[in-house]
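If you read the sequence shown in our numbering, its first letter stands for residue 271, the second for the next number, and so on. Think of the CB as a built atom: it goes at the ideal place given N, C-alpha and C, for glycine as much as any other residue. Worksheet: the structure to be examined is printed underneath.
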Amino acid sequence: MPAIVSVGAAFTGPGNKGAVKREPREELALRVRMLRGRHVVDVLKRLQAELGPGADNLGPVDLTRNPLRAYVNRLGQAYLVPPLVDDLDPRLAGLIGDLSASVTVDRYGRADGRPLPTRLLMVSREVLRFRIGCNFAGTLLSWGPRSRRPFAQLVTPDDLAVEYASEDPLSPTVITHYRRRLVEGKPAAVREVYDLTNIDAPTYRIWKGDEDVTQAATGATFDGDDYPWRYAVADGWPIGRPFHRIVISGDPRHVYQNIEIVEGTLRVAALYTYWGAGVRDAGHPQRNVEGAEVTGTSSDSDTNA
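Dropping the structure here:
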């Protein structure tokens, strides 16, 4: 049985491999909050760790500096110009969602292609941002039965756990997607597991805790030949080779890469909060008197003085 490298569980390796401040999903969740500007509680906890109860006297947390997001925004320029794609039917581009100007379409046409559809371009930009900041991200590919069109959407890495078989380190074998969805008409926190460990018997299951709710959530099962996400029929695959409908971009095994920028983001926000409190508290008008002697006061340590 091949060894499995799992991303999404707490690190419990031997001491000579080092230690971490946060387990992988906590680290990823922190980075996602930073990239979305939702890390105010994380900065407050950093202030409390450094100052204890005194942190409550500093006033509002300052989030005006975000080195991680600045780094990602500077580096993530790849999709500012729409990539050229070929063999894309204009009707399919329209279904995906394309608002490209006719002048742009004509210009790309002279290079025997067309611009990446607008909707895909927007999703690709978001996926790239989280790939840079978190070292990986996911793109969910699906079909909207109501709108009757294909779509793609970002899956942030804190909602993913990815397993790789050692003989094929570039291809995930199991992808778990943590999300909320309706189960028998009620919203529930679930995990959707795409398992291609046995490529001839792929499975997709929805778990609510330890309960398999695939049938209750979808009205169907997705095992073996009923697994729907497959490439076109080809030699050796009479019903098409199965694939993961969540495409992993980046490497989930490098969770802590660029951790210095993450720690720097917490520290910079904490230091700017200190600075703002100092400016504010030092800026109030002061009343000073020279040579005054206040009656009834003494420096005598005797309590009866």
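Task: For Asp312 and Arg303, believed in contact at Cβ under 8 Å, the rounded distance - done: 6 Å
TODO: Can you tell me which of Glu533, Leu424, Leu298 and Val331 puts its alpha carbon nearest to the alpha carbon of Tyr542?
DONE: Val331
Task: Sufficient close CB pairs (3 or more, under 8 Å) joining the segment 382 to 394 to the segment 439 to 455 - done: no
Task: Integer Cβ distance of Leu317 from Ala540, believed to fall under 8 Å - done: 5 Å
TODO: Please go through the same chain and pick out, in chain order, the residues whose beta-carbon is closer than 7 Å to the beta-carbon of Asp428, but skip the five residues on each side of it.
DONE: Arg295, Leu298, Ala299 and Val302
Open item on the list: Using C-beta distances below 8 Å, list every residue in its chain close to Gly532, excluding the 5 sequence neighbours before and after it, in chain order.
Closed with: Note on identity: in this sequence residue 532 is Val, with Gly being the wrong assignment. Excluding positions up to five away in sequence, the list reads Glu297, Leu300, Arg301, Met304 and Leu338.
TODO: Using only alpha-carbon positions, find the residue among Arg523, Pro498 and Trp545 that is nearest to Leu411.
DONE: Pro498
TODO: Tell me the start and end of each unbroken beta strand (DSSP E) in the segment 362 to 389 that is at least 3 residues and wholly inside, in chain order.
DONE: none
Open item on the list: Quick check on Ser436: does DSSP put it in helix, strand or coil?
Closed with: coil
Open item on the list: Pop quiz: Asp465 and Thr473 are said to be a contact at Cβ under 8 Å. What is the actual Cβ separation, rounded to whole angstroms?
Closed with: 5 Å
Task: Bridge-paired residues (DSSP) for Lys456 - done: Val453
Open item on the list: Can you tell me whether Lys517 is helix, strand or coil according to DSSP?
Closed with: Residue identity differs from the one stated: residue 517 is Val in this sequence, not Lys. Of the three classes helix, strand and coil, the one that applies to Val517 here is strand, per DSSP.
Task: Any 3 or more C-beta pairs closer than 8 Å across the segment 351 to 358 and the segment 395 to 403 - done: no
Open item on the list: Helix, strand or coil, according to DSSP, for Arg399 in the structure here?
Closed with: helix
TODO: State the start and end residues of the unbroken beta strand (DSSP E) segment that holds Pro420.
DONE: Arg419 to Val425
Open item on the list: Tell me the rounded alpha-carbon separation between Arg292 and Tyr526.
Closed with: 9 Å
TODO: Identify whether Tyr474 lies in helix, strand or coil by the three-state DSSP scheme.
DONE: strand
Open item on the list: Taking the alpha-carbon of Pro584 as reference, which of Leu365, Gly566 and Asp493 has the nearest alpha-carbon?
Closed with: Coverage of the chain is limited to positions 271 through 575, which leaves residue 584 absent and any answer about it impossible.
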